[in-house]
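If you're matching them up, the sequences are chains X and B in order.
Residues in the first sequence are numbered from 1 upward in steps of one, following the working numbering.
Residues in the second sequence are numbered from 292 upward in steps of one, following the working numbering.
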Amino acid sequence: MKNNKFVAAVMVPACIYIFIFVIFPVLYGLGISFFDYNPASSTNPFLGLENYKRMFGDATFWLSLKNTVVFGIVALILNLIVTLFLAEIISLLPSKRLKTLFRTILFIPCIAPVVGTSMIWKHGIVATDGILNAILGKFGVPPHNWYLTEGALFLIIIVYTLWADLGYNVVLFSAGVENVPKDFEDAAAIDGAGPVQRFLYIKLPLMGRTFAFVAIMTMADYFQMFTQFNIFAPTGGRHNSAMVLTNYIYRTSFSNFDMGYASTLSAGLFVVVFAVAMIQNRMMRIDWGYE
Amino acid sequence: MREKKEKELVIYKKYHYIIIAFLSVFSMIMMYPMGWTMMTAFKTNADIRMNRTKFFPQEWSIDGFITAFEKAPIEKWFLNSVFITVVVTVAVIFTSTLIGYVFAKYEFRGKKVLFMLLLATMMIPGLVTMIPRYLMIQELHLFNTRWALIVPNLVGVFSVYLAKQFIEDIPNSLCEAAKIDGAGPLRIYWNVILPNMKPAIGAIGIFTAMREWNDYLNPLLMLNDIDKMTLPLGLVMFDGQRSVDLAATMAVATMIMLPMIVIFLIFQKQFIKGLTMSGIK
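Structure representation (structure tokens):
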């Protein structure tokens, strides 16, 4: 249809709005990254590339970049293995009711706010007199203050994220697993392939497209996790061992009010996320479908 | 042959029991933290100090809830959260269906370029722009008001994309027929487009509402006064001030989680359908 008046009446305000609240902040942030910017101070001198030089020499930046990438990759791999396994065994169940029941239960942690569930883990599980120490105590491990550990706290945050985030991918993979034509499986079964073989060699390759999509979305998400790090390790944990880029940016801008430098760090995060997005795009173009 | 098939069925049955047993145990572990929270909210603090890991309360008490209501403006946090969630969700449903409708059903110059640009903005991670957005809210004098969380969130680019994809599947002939009957573009939108895209509206609404209700970063940046906070931010504040009072903190946590879980269990089918349809997270 054609109706230029109506199109203009909708699109002009829409474009202005999106420019102001989506595109302009990117340019604004990029601009600030060249200044020594503190909203409370009267002068905010232009620094040129000083902030960028500082970033490349900043050990905390590199550490938090490393932590961000390690978190993203480890959490992603664990998530994919566990959710694929769960989606597959749920799909083997005979009744539709049971399938829905288990998928619903697994989805519940995704519904609750990350703030709420992080708080629960903080007080109930990770606290010194929490469940984690109680369970380890049964095996003779003395109680730890996990907030003072380095690798362990990082691992706990990964496990928490796995717990909190399982349900989404189980649901998404379930759709993929159940879309694989039944004939293919039956043919393989007649040829003597067991359930594990059928899953690995028939189903998994056939749901490549779903797999790529889910992996990509999850990874993009994990590179930007903030809330659980802010709750479990608000100051980055011992020796910044649980500091990630998002929390480092938050701390630099809103605890130290060093907003110029924080904007430079944001540009760094942007490059990382953008690189991931580019890799994603490449992968998405590969045709994995079975149609 | 037949014998073999029957044998396989028996083996399959055995598998089922193992799978059901495994999933039941796994589900219990998954639900344990939630259950523990709700039980702890009904414990006394003396009870918690004695043994935090115990599941059921020694004696049931609603002191946690009473303290929570006395020491924190929970009803205000709740109303703030509801207000922001409702306004943003309604606005996003309206804007995304309207913009999606124009993209899907109207021809105009530069449409392709504009749509590509729109898609490109989805690649901008929200966290990267937190400083400029904070400064803009200051400039607009919206800082520390509910509008700071509403005004920047009235249009969701992903929702526009979702709506456009869905509206494209509504047959053009329906729109043309309405047009011949003398309907203007807004009438077509209201009478033809909206009634035919209920599943998409459901998905957009559910996920927008969930994102707003659970949002922590934006309220953390934009709100200062205790009375103006939303529930997630309020919980963190409350915990920081009264961390010894675990029963009360868990009472607040329960009150944040429960509404979403109840809504989810009611609309569970639409949730799962919407999630598979859109693949959004």
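Backbone N, C-alpha and C fix where the C-beta goes; we use that ideal spot for every residue, glycine too.
Predicted model only: the values in this text are computed from it and were never measured.
Give the residues of chain B in contact with Gln197/X, contact being defined as C-beta atoms less than 9 Å apart.
Within 9 Å Cβ-Cβ: nothing; Gln197/X doesn't reach chain B, min ~14 Å.
Contacts that Trp327/B makes with chain X (C-beta to C-beta distance below 9 Å):
Ile120, Gly124, Ile125 and Ile131
Examine chain X for any beta-carbon lying closer than 8 Å to the beta-carbon of Ala494/B, and answer yes or no.
no
Going by C-alpha to C-alpha distance, which of Gly391/B, Phe434/B and Gly447/B sits closest to Tyr480/B?
Gly391/B
What does Ile310/B reach in chain X if we use C-beta pairs closer than 7 Å?
Ile89, Leu92 and Leu93
Skipping 5 residues on each side, what residues in its chain have a beta carbon closer than 6 Å to that of Phe167/X?
The question names Phe, but residue 167/X in the sequence shown is Gly. The residues are Leu106, Phe107 and Cys110.
Is Phe34/X helix, strand or coil by DSSP?
coil
Please list the segments of the beta strand (DSSP E) lying wholly inside the region 99-173 of chain X, counting only runs of 3 or more residues, in order along the chain.
none
Would you mind working out which of Asn342/B, Val316/B and Leu566/B sits nearest Ile495/B, comparing C-alpha positions?
Leu566/B
CB Ala87/X to CB Ser174/X, shorter than 8 Å?
yes
On the criterion of 16 or more Cβ atoms from any shown chain inside 10 Å, does Gln349/B qualify as buried, or is it exposed?
exposed
Within 10 angstroms of its Cβ, does Asn371/B collect 16 or more other Cβ (buried), or is it exposed?
buried
Kindly indicate which three-state DSSP category Phe199/X falls into: helix, strand or coil?
helix
Minimum C-alpha distance to Ala134/X - residue among Asn342/B, Thr386/B and Phe317/B:
Asn342/B
Indicate whether Leu206/X and Val170/X have their beta-carbon atoms separated by less than 8 Å.
no
So which of Gln559/B, Phe317/B, Ala500/B and Ala542/B has the shortest CA-CA distance to Thr380/B?
Ala500/B
Skipping 5 residues on each side, what residues in its chain have a beta carbon closer than 7 Å to that of Phe562/B?
Ile497 and Phe555
Which one or two residues does DSSP pair with Phe46/X in a beta bridge?
Phe35/X
Which value, in whole angstroms, describes the spacing of the CA atoms of Met292/B and Thr117/X?
In this predicted model, Met292/B has a pLDDT of only 49, less than 50, meaning its place in the structure is not dependable; the value taken from the coordinates is given anyway. Their backbone Cα atoms lie some 53 Å apart in a straight line.
With 8 Å as the threshold, decide whether the Cβ of Phe555/B is near any Cβ in chain X.
yes
Please state the DSSP three-state secondary structure of Ile436/B.
According to the sequence displayed, residue 436/B carries Thr and not Ile. Thr436/B: coil per DSSP, three-state reduction.
Who are the neighbours of Phe139/X on chain B, taking C-beta pairs under 9 Å?
Within chain B, no residue comes near Phe139/X; the closest Cβ sits about 15 Å away, beyond 9 Å.
Is the Cβ of Ser255/X closer than 8 Å to any Cβ of chain B?
no
Residue span of the alpha helix (DSSP H) that contains Phe449/B, given as start and end:
Val448 to Glu459
Phe406/B: first and last residue of the uninterrupted alpha helix (DSSP H) it sits in:
Lys402 to Thr412
With 8 Å as the threshold, decide whether the Cβ of Ile552/B is near any Cβ in chain X.
yes
Determine whether the Cβ of Ser263/X lies closer than 8 Å to any Cβ atom of chain B.
yes
Given this structure, state the Cα-to-Cα distance separating Val294/X from Leu76/X, to the nearest angstrom.
For chain X, the structure presents residues 1 to 291; residue 294/X sits outside this window and is missing.
Alpha helix (DSSP H) containing Asp221/X: first to last residue?
Gly208 to Tyr222
With a 10 Å radius around its C-beta and 16 neighbouring C-beta atoms as the bar for buried, classify Tyr507/B as buried or exposed.
buried
Would you call Arg282/X buried or exposed, if buried means 16 or more other Cβ atoms sit within 10 Å of its Cβ?
exposed
Using a 10 Å radius around the Cβ and a threshold of 16 neighbouring Cβ atoms, would you call Pro416/B buried or exposed?
buried
Rounded C-alpha distance that separates Val393/B from Leu98/X:
43 Å
Exposure label - Val12/X; buried when at least 16 CB within 10 Å
exposed
Please check if any C-beta of chain B sits within less than 8 Å of the C-beta of Pro25/X.
yes
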